[in-house]
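K.L.:
In the working numbering, the protein residues as written are 29 to 81.
#1: Whole-angstrom Cβ separation of residue 36 and residue 47, contact assumed at under 8 Å?
#2: Between the C-alpha atoms of residue 56 and residue 73, what's the straight-line distance to the nearest angstrom?
#3: In terms of alpha-carbon separation, which member of 49, 59, 78, 60 lies closest to residue 33?
#4: Assign residue 41 to one of three DSSP states: helix, strand, or coil.
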């Protein structure tokens with residue numbers, strides 16, 4: 029964790045807001061998308077239930 033903190037505190041070049049480590053952007057999007065409610069049409073739900081059997 030200390031290595032990550034050290035790297036994130038390094039000076040950034042012009043135009044870069046944040047230094048990100050591998051997987052950080054994906055995890056950030058996952059957290060944001062997990063909060064959203066996604067409506068799935070009934071026909072798709074039915075098809076998915078059939079596929080799960």
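Every residue, glycine too, gets a C-beta built ideally from N, C-alpha and C.
P.N.:
Judging by the given coordinates:
#1: The residue you call residue 36 lines up with position 8 of the chain shown. The residue you call residue 47 lines up with position 19 of the chain shown. Residue 36 to residue 47, Cβ: 5 Å. Contact.
#2: As a working note, residue 56 is residue 28 in the chain shown. As a working note, residue 73 is residue 45 in the chain shown. Residue 56 and residue 73 have their C-alpha atoms some 27 Å from each other.
#3: Locating residue 33 in the chain shown gives position 5, counting from the first residue. Taking each of 49, 59, 78, 60 in turn and checking the Cα distance to residue 33, the smallest one comes out for 49.
#4: For this step, residue 41 is matched to residue 13 along the chain shown. Looking at residue 41 - three-state DSSP - the assignment turns out to be coil, as it is neither helix nor strand.
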